[in-house]
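Going down the list, the protein sequences come from chains A and W.
The first sequence begins at 33 in this note's numbering and counts up one residue at a time.
The second sequence begins at 691 in this note's numbering and counts up one residue at a time.
From the three backbone atoms N, C-alpha and C, an ideal C-beta is built for every residue, glycine too.
It should be emphasised that the depicted structure is a prediction, and the values quoted were computed from it without experimental measurement.
So the structure is just underneath, and the comments pick up after that.
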Amino acid sequence: MLYPLIWLFASSLKPENEIFGSLDLWPSKVDWSNYTEGWNALPVSFTVFYKNSAIVTVLSVIGNLLSCSFAAYAFARLKFNGRTFLFALMMMTMMLPYHVVLIPQYVLFLNLGWVDTYLPLIVPRFLAADGFFIFLMVQFFRQIPRELDEAAMIDGCSPFKIYWAIILPLSLPAMGTAAIFSLIWVWEDFLAPLIYLNDINSYTVPLALRLFVDQEGQSAFGQMFAMSVLSLVPVLIFFVAFQKLIIRGIATSGMK
Amino acid sequence: MRRFIRRNAAGYFFLSPWLLGFGLLALGPILASLYLSFTRYDMVSAPVWDGLGNYHYMLEYDRRFWKALEVTFTFVALSVPLRLAMALGVAMLLDKGLRTIGLYRAIFYLPSLLGASIAIALLWREMFGIDGVVNQVLAVFGIEGKGWITDPDTSLYTIVVLAMWQFGSPMLIFLAGLRGIPRDLYEAAEIDGTSKWRQFWRITLPMLAPVVFFNLVLQTIEAFKTFTSAFIISNGTGAPADSLLFYTVYLFNEAFKFFRMGYASALAWVLLIIIAAFTALAFATSKYWVHYENERD
Numbered sequence: 033m034l035y036p037l038i039w040l041f042a043s044s045l046k047p048e049n050e051i052f053g054s055l056d057l058w059p060s061k062v063d064w065s066n067y068t069e070g071w072n073a074l075p076v077s078f079t080v081f082y083k084n085s086a087i088v089t090v091l092s093v094i095g096n097l098l099s100c101s102f103a104a105y106a107f108a109r110l111k112f113n114g115r116t117f118l119f120a121l122m123m124m125t126m127m128l129p130y131h132v133v134l135i136p137q138y139v140l141f142l143n144l145g146w147v148d149t150y151l152p153l154i155v156p157r158f159l160a161a162d163g164f165f166i167f168l169m170v171q172f173f174r175q176i177p178r179e180l181d182e183a184a185m186i187d188g189c190s191p192f193k194i195y196w197a198i199i200l201p202l203s204l205p206a207m208g209t210a211a212i213f214s215l216i217w218v219w220e221d222f223l224a225p226l227i228y229l230n231d232i233n234s235y236t237v238p239l240a241l242r243l244f245v246d247q248e249g250q251s252a253f254g255q256m257f258a259m260s261v262l263s264l265v266p267v268l269i270f271f272v273a274f275q276k277l278i279i280r281g282i283a284t285s286g287m288k
Numbered sequence: 691m692r693r694f695i696r697r698n699a700a701g702y703f704f705l706s707p708w709l710l711g712f713g714l715l716a717l718g719p720i721l722a723s724l725y726l727s728f729t730r731y732d733m734v735s736a737p738v739w740d741g742l743g744n745y746h747y748m749l750e751y752d753r754r755f756w757k758a759l760e761v762t763f764t765f766v767a768l769s770v771p772l773r774l775a776m777a778l779g780v781a782m783l784l785d786k787g788l789r790t791i792g793l794y795r796a797i798f799y800l801p802s803l804l805g806a807s808i809a810i811a812l813l814w815r816e817m818f819g820i821d822g823v824v825n826q827v828l829a830v831f832g833i834e835g836k837g838w839i840t841d842p843d844t845s846l847y848t849i850v851v852l853a854m855w856q857f858g859s860p861m862l863i864f865l866a867g868l869r870g871i872p873r874d875l876y877e878a879a880e881i882d883g884t885s886k887w888r889q890f891w892r893i894t895l896p897m898l899a900p901v902v903f904f905n906l907v908l909q910t911i912e913a914f915k916t917f918t919s920a921f922i923i924s925n926g927t928g929a930p931a932d933s934l935l936f937y938t939v940y941l942f943n944e945a946f947k948f949f950r951m952g953y954a955s956a957l958a959w960v961l962l963i964i965i966a967a968f969t970a971l972a973f974a975t976s977k978y979w980v981h982y983e984n985e986r987d
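Following this line, the structure appears as structure tokens:
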């Protein structure tokens, strides 16, 4: 199960001629030079790519948490006309293939002058574009006893106060799950950056990794593997730290 | 009127980011995409109305469209059953109650979490290359390998294997479903002397049918949308010999390489129709094989 990952890591420690030439899994001599050289192998250093990825990821996670918890609070706890209909629409957009909206979205962002900025990657997240997180939070919010809202309402709390002081603090596991999934998916996202980012200085880590393929003639496989390993490290750290939350999130919401 | 506003104000206030997003990023683009699919549009000049031209060309003349459908349908038809079978098999093993279940569950799930990343696609490309580790292992058994990725007869199967490797999320859902089956059903069957095989067909599968259905629908939709691995492994082109021309890869190239935005929109709508038709079919047939606990007859 883990063999491909182990192979990837082992290969990143090998000199170029041993990666494909030798059957031994482990290198004859552990050599970290692929990491130091790979970091600066592209015209722009990986320091820049990691900084770019970090900016996009952090802002996206904040956007997802805020906007999706807003929508989920409305769907799960508030009464208003058209709620059932809008909730059904939201569930349908979850099924919608991204490719159907891709081209008009691109035209929209192009006309706004947003191509080659991070706005097309970040702004949709502040507009609750990812229905999965709304769904996950709705499932969770519904389990919180309604008496809490009602008591707070009698005490004169506004809906916003109830959201902020009761629902959110009681939903930390759900918010944590959403934050971790959001972080991992945005970090790994390839298609949207591929479409919206043209300037290598603004590339995220996945886009930068692809540049190694274009350089194939120069046979930089060791460096490519080393940078691939590094790109997986944040995901692995979060997985090890939060795997209980992640696994429960999948099993209860059933997505991905 | 004032009462109406007061009753609804809070709901719509909290819903406003989503409503804005839904209008600007979903509903508007869907309608725009439908319109563009009837036009020729290169992004430089305004769209030119072309009626059913795109659809006509697609169905009548575009050999690569049919190839993309063939590749994608083959992939879906192979990868979804294999992935679900792996997922169910492993879930049943784990359900036997190993003490280290948490660790195994995590290990089996990890590839699914990493699967979307480009690093894994790059890794796959090299593992199945002519000098890759797969051939090295085969050589140990005296089997002469080949360029699995560069041979159009086998390239698609490397991505099927990748999809199988990522059976983690349906597995977790199966596992949750298996936990819900009452143990006394098995005990009763045991006393009656029913074989394990019959127990699987008569108890496990029927009790699990809603979960199987759920996994089948979701995994099929996911499989239709496969992009990153096919794009990376085929170097963005669908090569060799279009054997990795996944539908989404073809669509991406038509749109963002050749700027045939109208045609790509038509392709996107056909994908939408295929997925919708599949989902509708699954729901329509489900009443014959999916029975829920609370609707016993």
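**Short Cβ contact (8 Å threshold) for Val147/A with Asn925/W** = no
**Item:** Touch test, the region 911-929 of chain W against the region 88-100 of chain A, Cβ-Cβ under 8 Å, three pairs minimum
**Value:** no
**Request:** Could you have a look at Val738/W and say whether DSSP puts it in helix, strand or coil?
**Result:** strand
**Rounded C-alpha distance that separates Trp196/A from Trp217/A** = 26 Å
**Item:** Positions along the region 37-48 of chain A whose CB lies within less than 9 Å of some CB in chain W
**Value:** Leu37, Trp39, Leu40 and Ser43
**Asked** Below 8 Å between beta carbons: does that hold for Glu220/A and Pro205/A?
**Response** no
**Request:** May I ask you to report which of helix, strand or coil DSSP gives Asp987/W?
**Result:** Confidence at Asp987/W is low in this model, with a pLDDT of 41, below 50, so its placement is unreliable and no value can be given for it.
**DSSP-derived helix/strand/coil call for Arg773/W** = helix
**Asked** For the region 796-812 of chain W, which residues have a beta carbon sitting closer than 8 Å to at least one beta carbon of chain A?
**Response** Ala796, Ile797, Phe798, Tyr799, Leu800, Pro801, Ser802, Leu803, Leu804, Ala806, Ser807, Ile808, Ala809, Ile810 and Leu812
**Request:** Assign Ala736/W to buried or exposed, taking buried as 16 or more other Cβ atoms, counted over all protein chains shown, within 10 Å of its Cβ.
**Result:** exposed
**Within chain A, the residues that Trp739/W reaches when beta carbons sit closer than 9 Å** = The premise fails here: Trp739/W is roughly 17 Å from chain A at the closest Cβ pair, so nothing lies under 9 Å.
**Request:** Would you mind reading off the limits of the alpha helix (DSSP H) that contains His131/A?
**Result:** Tyr130 to Asn143
**Asked** In angstroms, rounded to a whole number, what distance separates the CA positions of Asp987/W and Arg692/W?
**Response** Low confidence applies here, because Asp987/W scores a pLDDT of 41, under 50, leaving its location unreliable; read the following figure in that light. Asp987/W and Arg692/W: Cα-Cα distance of roughly 48 Å.
**Asked** In chain order, what residues of the same chain lie with their CB nearer than 7 Å to the CB of Thr125/A, ignoring the 5 residues before and after it?
**Response** Gly163
**Request:** Find the nearest neighbour of Thr894/W within the set His981/W, Ala700/W, Val766/W and Gly819/W, judged by alpha-carbon distance.
**Result:** His981/W
**Asked** Does any residue of chain A bring its CB to less than 8 Å from the CB of Ile911/W?
**Response** yes
**Message:** I'd like to check one pair, Pro707/W with Ser99/A: are the Cβ atoms closer than 8 Å?
**Reply:** yes
**Item:** Rounded separation between Val827/W and Thr848/W - CA only
**Value:** 16 Å
**Asked** For a contact meaning CB atoms closer than 7 Å, what does Gln275/A contact in chain W?
**Response** Ala796
**Message:** I need the straight-line Cα distance from Val823/W to Phe270/A, nearest angstrom please.
**Reply:** 29 Å
**Message:** For Ser291/A, count the other beta carbons within 10 Å of its own beta carbon; 16 or more makes it buried, fewer makes it exposed. Which is it?
**Reply:** Residue 291/A falls outside the range modelled here, since chain A spans only 33 to 288, and no answer is possible.
**Message:** Distance check for Ile51/A and Ile833/W, CA to CA, integer angstroms please.
**Reply:** 20 Å
**Asked** So, does the CB of Asn113/A fall closer than 8 Å to a CB anywhere in chain W?
**Response** yes
**Request:** Report, in whole angstroms, the separation of the C-beta atoms of Ile279/A and Tyr799/W, which I expect to be a contact under 8 Å.
**Result:** 6 Å
**Prompt:** Short check: CB of Trp959/W to CB of Val133/A, under 8 Å?
**Reply:** no
**Request:** Give a yes or no on whether the minimum CB-CB distance between Gly779/W and chain A is below 8 Å.
**Result:** no
**Interface partners of Asn671/W on chain A, CB under 8 Å** = Residue 671/W lies beyond the range of chain W shown here (691 to 987); nothing can be said about it.
**Item:** Rounded Cβ spacing between Ala108/A and Arg178/A (contact assumed at less than 8 Å)
**Value:** In fact, because the Cβ distance is near 10 Å, the residues do not count as touching under 8 Å.
**Asked** What are the partner residues of Arg730/W, as DSSP defines its beta bridges?
**Response** Val738/W
**Item:** Residues that Ser99/A contacts on chain W, provided the C-beta gap is smaller than 8 Å
**Value:** Pro707, Trp708 and Gly711
**Prompt:** Run through DSSP, which three-state label would Trp708/W get?
**Reply:** helix
**Request:** Tell me whether Ile38/A is buried or exposed, calling it buried when 16 or more other Cβ atoms sit within 10 Å of its Cβ.
**Result:** exposed
**Request:** State the Cα-Cα distance for the pair Pro266/A and Ile212/A, rounded to the nearest angstrom.
**Result:** 11 Å
**Asked** Among Leu277/A, Gln255/A, Leu140/A and Phe117/A, which one has its Cα closest to the Cα of Pro156/A?
**Response** Leu140/A
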